[in-house]
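See structure below.
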Amino acid sequence: DQILYRHEDFWREINGHNLTKGWVESPSYVLSLFGEADIEALTDYSHREIVRICKLYKPGTANYHLVEGSDHSMIKVGSMDDGAALRGTPEYFNYLQQRFNYSVVSIIDEWMQRVIPLHYPEQLPATQP
Numbered sequence: 002d003q004i005l006y007r008h009e010d011f012w013r014e015i016n017g018h019n020l021t022k023g024w025v026e027s028p029s030y031v032l033s034l035f036g037e038a039d040i041e042a043l044t045d046y047s048h049r050e051i052v053r054i055c056k057l058y059k060p061g062t063a064n065y066h067l068v069e070g071s072d073h074s075m076i077k078v079g080s081m082d083d084g085a086a087l088r089g090t091p092e093y094f095n096y097l098q099q100r101f102n103y104s105v106v107s108i109i110d111e112w113m114q115r116v117i118p119l120h121y122p123e124q125l126p127a128t129q130p
């Protein structure tokens, strides 16, 4: 049986994990992106909560970014209502191929350019005199 497009076993298994502990113990920096029209997530609450948890236990390690007009796949669909109307239509397949929100690439690149030098200086190439 399916619940929100996932088998019920998925929900049972994920409920058995301490996700807060996982985020706290992760050595990674976090960029949480939420597509404004993300009907799968419904709201950005979980995205913001992950960032809040990471910042509480590891200040400076997490950022949140709203991606306007994009769905869960970072496809430009407009509003959540517009995206919901497109789902399951042949037109949505065309959107997947032609309307990727390339601003996501810039958002991630800018974030990485800030994070890497500050937190991973040993991974930067040596400068030439």
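Converting from the sequence shown to our numbering requires adding 1 to each position, the first position being numbered 1. C-beta atoms are modelled at their ideal positions from N, C-alpha and C, and glycine is treated no differently.
- Buried is the label assigned to Asn102, since at least 16 other Cβ atoms lie within 10 Å of its Cβ.
- Counting the other CB atoms within 10 Å of its CB gives Asp2 a total below 16, which places it among the exposed residues.
- Here DSSP, grouped into helix, strand and coil, assigns Tyr65 to strand.
- Annotated three-state conformation of Ile40 is coil, per DSSP.
- It is roughly 13 Å from the alpha-carbon of Ile51 to the alpha-carbon of Asn19.
- Residue burial annotation: Ile76 is buried, with at least 16 other C-beta atoms found within 10 angstroms of its C-beta.
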